[in-house]
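Residue numbers (the working numbering): 59 to 122.
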Amino acid sequence: MTYNLMPERREGPTDPLPKSPSPLEDGGGPRRPETESPDKDSLLKRMRRVDPKQAERYRQRTGQ
59 MTYNLMPERR EGPTDPLPKS PSPLEDGGGP RRPETESPDK DSLLKRMRRV
109 DPKQAERYRQ RTGQ
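Right, here's the structure in full:
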């Protein structure tokens with residue numbers, strides 16, 4: 059006496075994964091914003107306003 063509790067496993071048709079569009083083709087995905095590094099002079103001015111000692115240490119570290 060054989061018990062057939064589970065049906066036989068059948069392989070379905072194997073479709074390759076659909077190719078995702080590249081960002082240049084579709085332009086649909088999120089992109090990194092195009093930002094430039096801040097000017098060192100304005101950065102030092104802002105740092106001096108917030109924390110003068112930290113600005114001094116940064117200036118020594120970077121050779122400014």
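Ideal placement from N, C-alpha and C gives every residue a C-beta, glycine not left out.
Only a predicted model underlies this, so the values are computations on that prediction, with no experimental measurement involved.
- Spanning the alpha carbons of G87 and D73 requires a straight line of approximately 25 Å.
- Per DSSP, the unbroken alpha helix (DSSP H) holding M105 starts and ends at 98-108.
- Linking E92 to R67 through their CA atoms gives a straight-line distance of about 52 Å.
- Rounded to the nearest angstrom, the gap between the Cα atoms of R117 and V108 is 14 Å.
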